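Using numbering that gives the first Met the number 0, read the sequence shown as starting at 0 and increasing by one per residue.
Every residue gets a Cβ at the ideal spot worked out from N, C-alpha and C, and that includes glycine.
Fair warning: this is a prediction, and the values are worked out from it, not measured in the lab.
Step one of this worksheet: look at the structure below.
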Amino acid sequence: MVTSEQETLYAISCKKAAAALKKNNFEIVEVNDEKEALDALLKRLPRDSSIGYGGSKTLEEIGFFEHVTEETHPHLFNRRNPNLSPEEKQTLQKRALVADVFVCSANAVSLQGDLVFIDKWGNRNAAMTYGPGNRIVVVGANKISEDLGTAIDRARNSAAVLNNIRFDTKNPCTKQGTCVDCDSSDRLCSIVTIIQRCQLPGSITVILCREPLGF
Ligand code: SF4
């Protein structure tokens, strides 16, 4: 449960992060809760657009996967079908790199307007840096960090560890509760991307939610 004091802090940090992200050429939409986040996202996903996405607890929480399906969006590159082979999933991930829109969350946002992403394979990193011309990132206030250093620390020592627990990996962080920069062949976090400026102004939209979303 979020206390009213925490709500106030979230609102303040969202305002600061939004100003910094705008200065760095990101398009910003500030919303109050997960319903508004979903509405803001759906408004930006025309039915006839091709859509790729990055795996995301945040997208799960706002209901993206229930509201954006092959029925609502026939050109969705949907790799969640359990009948897909690993090769078919990989093909869809590659096609997502040239979709009209790519949707994901970030692992952290700094108060200076940096976005931080940490991935195993780098499909999200690739899409966000040189992929679709229109990218949309949904981020909860819990991911806002004081500066770039703490944002990277958050991505590695909080988001990555929780993702390991979520996917029930056998990596050491699931026992130790913190990243030990492991050599595991199943390491979930091998590629870190920092976007410090949206080079083509407005091509990345950040939907910034004043409530916590994902981890
Ligand atoms: S590098 Fe290894 S220990 Fe660190 S978070 Fe990733 S999987 Fe866990």
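For THR68 and TYR9, the rounded distance between their alpha carbons:
Start at 1 with the first residue of the sequence shown, and residue 9 comes out as number 10. Start at 1 with the first residue of the sequence shown, and residue 68 comes out as number 69. TYR9 and THR68: Cα-Cα distance of roughly 31 Å.
Residues in the same chain with beta-carbon distance under 7 Å from LEU41, minus the five sequence neighbours each way, listed in chain order, please.
As a working note, residue 41 is residue 42 in the sequence shown. Here the set comprises HIS66.
Are there any heavy atoms of the ligand SF4 lying less than 6 Å away from the beta-carbon of ARG134, as far as the coordinates show?
Stepping through the sequence shown from its first residue, residue 134 is reached at position 135. Result no, Cβ not under 6 Å from the ligand SF4.
VAL179: CB within 6 Å of a non-hydrogen atom of the ligand SF4:
Residue numbering aside, residue 179 sits at position 180 when the sequence shown is read from its first letter. Yes - the ligand SF4 has a heavy atom lying nearer than 6 Å to the Cβ of VAL179.
Status (buried if at least 16 other CB within 10 Å, exposed otherwise) for ALA95
Looking up residue 95 in the sequence shown gives position 96. The residue in question, ALA95, is buried, as its Cβ has 16 or more Cβ neighbours within 10 Å.
Beta-carbon contacts of GLU60 that lie in its chain and below 7 Å, excluding the five residues immediately before and after
Sequence index remark: in the sequence shown, residue 60 carries index 61 (1-based). Hits under 7 Å: GLU33, LEU212, GLY213.
Segments of 3+ residues assigned as beta strand (DSSP E) that fall wholly inside the region 0 to 72
26 to 30, 50 to 52
Cα-Cα separation, ILE164 to ILE151
Within the sequence shown, residue 164 is the residue found at index 165, counting from 1. Within the sequence shown, residue 151 is the residue found at index 152, counting from 1. Going by the C-alpha atoms only, they are around 19 Å apart.
Secondary structure at ASN133, three-state DSSP: helix, strand or coil?
Reading the sequence shown from its first residue, position 134 is the one you call residue 133. In this structure, ASN133 counts as strand in the three-state DSSP scheme.
According to DSSP, is THR149 helix, strand or coil?
If you number the sequence shown from 1, residue 149 lands on position 150. Assignment of THR149 by DSSP, reduced to helix, strand and coil, places it in the helix class.
What number of angstroms, rounded off, separates the C-alpha of ASP146 from the C-alpha of LEU110?
Here residue 146 is taken as the residue at index 147 of the sequence shown, counted from 1. Here residue 110 is taken as the residue at index 111 of the sequence shown, counted from 1. Approximately 6 Å, taken between the alpha carbons.
Give the DSSP-derived three-state secondary structure of LEU91 in the structure shown.
Numbered from its first residue, the sequence shown carries residue 91 at position 92. LEU91: helix per DSSP, three-state reduction.
From what residue to what residue does the beta strand (DSSP E) around VAL108 run?
Taking the first residue of the sequence shown as position 1, residue 108 is located at position 109. First-last of the beta strand (DSSP E) with VAL108: 107 to 109.
Residue range of the beta strand (DSSP E) that CYS208 falls in?
Within the sequence shown, numbered from 1, the residue matching residue 208 stands at position 209. Segment 203 to 208, the beta strand (DSSP E) holding CYS208.
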